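This report concerns only the one structure given below.
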Amino acid sequence: MASTELATERALYVGNMISTAIYGGNLFLYAYSTYLLMTSSKQVQHRIFYICFGGFLLLLLTISVAGNIAFCELMWIERRNNPGGPPAFFAANMSAWYNAFATAAMCLANMMTDGLLLYRCYIIWGSRLPVIVIPGIIYLGSATMAVMMVIESAMPMSNLWRGLPAQFAISWIALTVSFNIIVTALIISRLLFFYRRVRSFLNDEQRNIYTGIVAILVESTLPFTVLGIVSLATYIQGAPCAMGIEIIWATFMVLSPQLIILRVASGVAWSKDTACNITQHATFPRNSSSGSSTISMHSKNP
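Residue 720 in the working numbering sits at position 44 of the sequence shown, and the numbers go up by one each step.
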């Protein structure tokens with residue numbers, strides 16, 4: 677077996693192991709978020725939407741993970757004695773129905789995740805439509821490339837890592853990563869702007885909830901964006917580790933929005949009211965008699 681083939685199989689194995697662990701985290705986050713949404717005494721708008729949205733994302737992730745595991749089980753166990761061994765099976769079955777199904781599930785999950793991220797950017801920027809025009813155009817281009825990639829990858833004897841399917845895949849990942857970079861930068865800049873503006877008016881707990889490191893990482897899906905950049909770079913270079921990284925990246929497509937939904941369920945996510953309250957309270961000076969801020973940051977979540 678060539679060293680590149682061995683490295684590819686090793687990356688596939690490691691990627692599946694890590695993705696399975698992250699899948700367990702996604703399962704817990706969805707169950708806990710659903711519990712909070714159903715039992716919270718706070719009024720949470722679109723409660724049913726977030727429950728259904730997170731559940732469908734989890735279903736898509738289940739399909740993707742199951743497809744990858746089925747492919748590896750056939751390649752390494754059931755069909756390992758076929759002529760050419762695992763490398764030949766790998767090359768001949770990239771367009772198998774379970775692989776095409778898993779790829780389609782991954783792309784649909786990405787569309788849903790990017791759609792939620794675009795909506796969150798719209799909310800955090802105070803419902804300013806011009807802010808999301810360019811990201812919205814990129815989002816539509818990414819969705820188009822994803823559909824074309826799925827169609828081409830399902831053709832008989834096609835290979836997602838070569839030829840036309842690979843070109844569509846690179847275009848899809850490049851557009852998705854570009855979208856994530858722009859939207860992530862917009863959200864982070866907005867949160868940092870509010871942090872600088874109101875840091876003297878909020879107590880430590882309020883700053884951590886709305887403009888702290890955790891809020892920035894979750895609301896902007898920064899880890900997902902960084903992992904997407906790494907996935908794109910390895911895919912273009914044809915590195916053996918590219919497949920493993922892409923599998924892990926796919927699990928973050930679901931993990932990132934599940935974390936946002938958890939913040940919504942916990943009542944600490946940003947909303948239109950949050951931005952409005954920060955803007956209004958930032959214009960008032962401290963209460964001179966008490967020496968403390970009179971800000972109340974409690975607001976309804978979207």
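Beta carbons are placed, not taken as given, at the ideal position from N, Cα and C, and that holds for glycine.
Here the structure is a predicted model, which means the values were calculated and not measured.
I need the DSSP call for residue i, collapsed to helix, strand or coil.
i	result
Trp-837	coil
Arg-756	coil
Thr-910	helix
Arg-981	No answer is possible for residue 981: the residues shown for the chain start at 677 and end at 978.
Arg-804	coil
Gly-852	Checking the sequence, you will find Thr at residue 852 rather than Gly. Three-state result, Thr-852: helix.
Pro-631	With the chain running from 677 to 978 in the structure shown, residue 631 is simply not present.
Ala-861	helix
Ala-842	helix
Quick one: residues in its chain with C-beta nearer than 6 angstroms to the C-beta of residue i, no 5 flanking neighbours on either side, listed in chain order?
i	result
Val-853	Gly-904, Ile-905 and Leu-908
Val-690	Gly-920
Met-824	Phe-844
Glu-922	Ser-907
Ser-968	Any reading at Ser-968 must be qualified, since the residue scores a pLDDT of 40, below 50, and its modelled position is unreliable; no value is offered.
Would residue i pass as a contact of residue j if the rule is Cβ separation under 8 angstroms?
i	j	result
Ile-810	Ile-858	yes
Met-770	Leu-836	yes
Thr-927	Ala-918	no
Phe-729	Met-751	no
Leu-898	Thr-860	yes
Gly-701	Leu-931	yes
Tyr-815	Phe-855	yes
Ser-942	Leu-712	yes
Ser-896	Ile-924	no
Glu-685	Pro-759	no
Ala-781	Ile-739	yes
Cys-783	Ala-822	yes
Met-787	Ala-819	yes
Gly-731	Tyr-706	yes
Gly-710	Ile-727	Looking at the sequence shown, residue 710 is not Gly but Thr. Closer than 8 angstroms, so yes.
Pro-933	Thr-680	no
Leu-792	Ile-698	no
Met-929	Ala-785	yes
How far does the alpha helix (DSSP H) with residue i in it extend, from its first residue to its last?
i	result
Met-821	809–829
Gly-743	723–749
Arg-796	773–800
Ala-687	679–715
Leu-938	918–942
Gly-761	761–768
Output needed for residue i: all residues of its chain with C-beta closer than 8 angstroms, excluding positions within five of it in sequence on either side, in chain order.
i	result
Ile-912	Ile-846
Cys-748	Leu-688, Tyr-689 and Asn-692
Leu-682	none
Thr-777	Reading the sequence as shown, one finds Phe at residue 777 and not Thr. Contacts found: Ile-739 and Gly-743.
Val-826	Ala-776, Thr-779, Ala-780 and Cys-783
Thr-901	Val-853, Asn-856, Ile-857 and Thr-860
Leu-737	Tyr-699, Asn-702, Ala-781, Ala-785, Ala-926, Thr-927, Met-929 and Val-930
Select from the options the residue whose C-alpha is nearest the C-alpha of residue i.
i	options	result
Pro-841	Leu-805, Thr-779 and Arg-872	Thr-779
Met-831	Trp-773, Leu-851, Trp-848 and Ala-819	Trp-773
Asp-790	Tyr-708, Thr-715 and Ile-849	Ile-849
Gly-914	Arg-838, Val-940 and Asn-757	Arg-838
Between residue i and the rest of its own chain, which residues show a CB-CB distance below 7 angstroms, the 5 nearest in sequence each way excluded?
i	result
Ile-808	Leu-794, Cys-797 and Tyr-798
Phe-704	none
Gly-817	Leu-851
Ile-694	Ile-924
Ser-829	Ser-771, Ala-776, Thr-779, Leu-836 and Pro-841
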